[in-house]
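Visitor:
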Amino acid sequence: MKKLVILFVVLFLSACGPRLDEDAQLAKEYLKEQGYSVKSYEGRFSHIIEREQLIHKPDIFVWAVQTVEPDAYIGKEITQERFIVKHHPLSKIYGPQKSFS
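Here the numbering used here runs 5 ahead of the position in the sequence shown, where the first position is 1.
1) Tyr-99: beta carbon under 6 Å from a heavy atom of the ligand NAD?
2) Give me, in chain order, the residues of the same chain whose beta-carbon lies closer than 6 Å to that of Ile-1; leave out the 5 immediate sequence neighbours on both sides.
3) Leaving aside the five residues before and after Glu-34 along the sequence, list all residues of the same chain whose C-beta is less than 8 Å from its C-beta, in chain order.
4) According to the neighbour-count rule (16 or more other Cβ atoms, all chains shown, within 10 Å of its Cβ), is Ala-77 buried or exposed?
5) Hey, quick one: how far does the beta strand (DSSP E) through Glu-86 stretch, first residue to last?
6) Where do the N-terminal and C-terminal ends of the alpha helix (DSSP H) with Lys-62 fall, by residue?
7) Helix, strand or coil for Arg-24, going by three-state DSSP, please let me know.
8) Between which two residues does the alpha helix (DSSP H) containing Ile-98 stretch?
9) Whole-angstrom Cβ separation of Ser-51 and Lys-91, contact assumed at under 8 Å?
The structure is reproduced here in structure tokens:
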């Protein structure tokens, strides 16, 4: 009976989280290849990039570390797959945090 309860709890908890579609799964695999340990999937977030956003937090920090300029993306929808990971390089500098902006 105890095993059945544990199995039910595990199945219930796994069903509560966001589902990974093909894009999210691809992003997760990329993170693993980069040496990160994925703790959780926070979901997909989409928004349209406007030039005014690029001078405010958090977008100013996001684009500061990209290898391309944001100009090609102005007025276009950007989709983010958000994950919580372990072994992020900034954790060595700032300690464990929920996110870095």
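Beta carbons: idealized from backbone N, C-alpha and C, even for Gly.
Treat the numbers as computed from the prediction; the structure is a model and nothing was measured.
Guide: Considering the structure as presented:
1) Absent from the structure shown: the ligand NAD. Ligands present: none.
2) Any property of residue 1 remains undetermined from this structure, which presents the chain solely from 6 to 106.
3) Counting only Cβ-Cβ distances below 8 Å, and skipping sequence neighbours, we find nothing.
4) With fewer than 16 other Cβ atoms within 10 Å, it is exposed.
5) Per DSSP, Glu-86 belongs to the beta strand (DSSP E) from 82 to 91.
6) Per DSSP, Lys-62 belongs to no alpha helix (DSSP H) and is neither H nor E.
7) In the structure shown, Arg-24 sits in coil (DSSP, three-state: anything other than H, G, I, E or B).
8) That run of the alpha helix (DSSP H) goes 94 to 99.
9) With a Cβ gap of about 26 Å, Ser-51 and Lys-91 do not count as contacting.
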